[in-house]
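Participant: In my numbering, the protein residues as written are -19 to 73. First the structure, which I've put down as structure tokens, then a few questions once you've had a look.
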Amino acid sequence: MQLRPEQLGAHLQKSLAPLYVVHGNEPLLVIEAADAIRAAARAQGFAEREVLVAGQGFKWDDLFLAAGNLSLFGGDKLVDLRIPSGKPGRDGG
């Protein structure tokens, strides 16, 4: 499902999807959308956040490990994958 920036707030009040892909030509709108998703996740009990940056030499197994490693006593975890080039490469695609 594709959401426009003005639709995101109403969507986040209902429930969170398991995955969000945030992209766009306007950096401010991208930042605001990501902030809104993180705030909604915090409000719904996501206490932990792990940020991964997929640059040169990034190991895609790290993403799977981050998604699978949940704390024994913690709540849900938000995994924030950033791809600065916008291209995940052959292994990430």
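Built from N, CA and C at the ideal position, the CB exists for glycine as well.
1) Would you check if the segment -17 to -5 and the segment 4 to 24 touch, i.e. whether three or more CB-CB distances between them fall below 8 Å?
2) Would you kindly report the start and end of the unbroken beta strand (DSSP E) that includes VAL33?
3) Report the rounded CA-to-CA distance for TRP40 versus GLY72, giving the unit in angstroms.
4) Kindly confirm or deny that the segment 0 to 19 and the segment 31 to 50 touch, where touching means at least three C-beta pairs closer than 8 Å.
5) Quick one, are the C-beta atoms of ALA79 and LEU61 less than 8 Å apart?
6) If the criterion is Cβ atoms closer than 8 Å, does the pair ARG29 and LEU58 meet it?
7) Return the bridge partner residues of ASP60 from the DSSP annotation.
8) Using a Cβ-Cβ cutoff of less than 8 Å, which residues in the same chain neighbour GLY25 once the five nearest sequence positions on both sides are dropped?
Facilitator: In short:
1) Between the segment 4 to 24 and the segment -17 to -5 there are three or more C-beta pairs closer than 8 Å, enough to call the two in contact.
2) Per DSSP, the continuous beta strand (DSSP E) segment holding VAL33 begins and ends at 26 to 33.
3) TRP40 and GLY72 have their C-alpha atoms some 6 Å from each other.
4) Under the three-pair Cβ rule at 8 Å, the segment 0 to 19 does not count as touching the segment 31 to 50.
5) As shown, the chain starts at -19 and ends at 73. That puts residue 79 outside it, with no answer to give.
6) For ARG29 and LEU58, yes; Cβs fall inside 8 Å.
7) Under DSSP, ASP60 shares a beta bridge with VAL31.
8) If we look at GLY25 and ignore the five residues flanking it on each side, its Cβ neighbours are GLY55 and ASP56.
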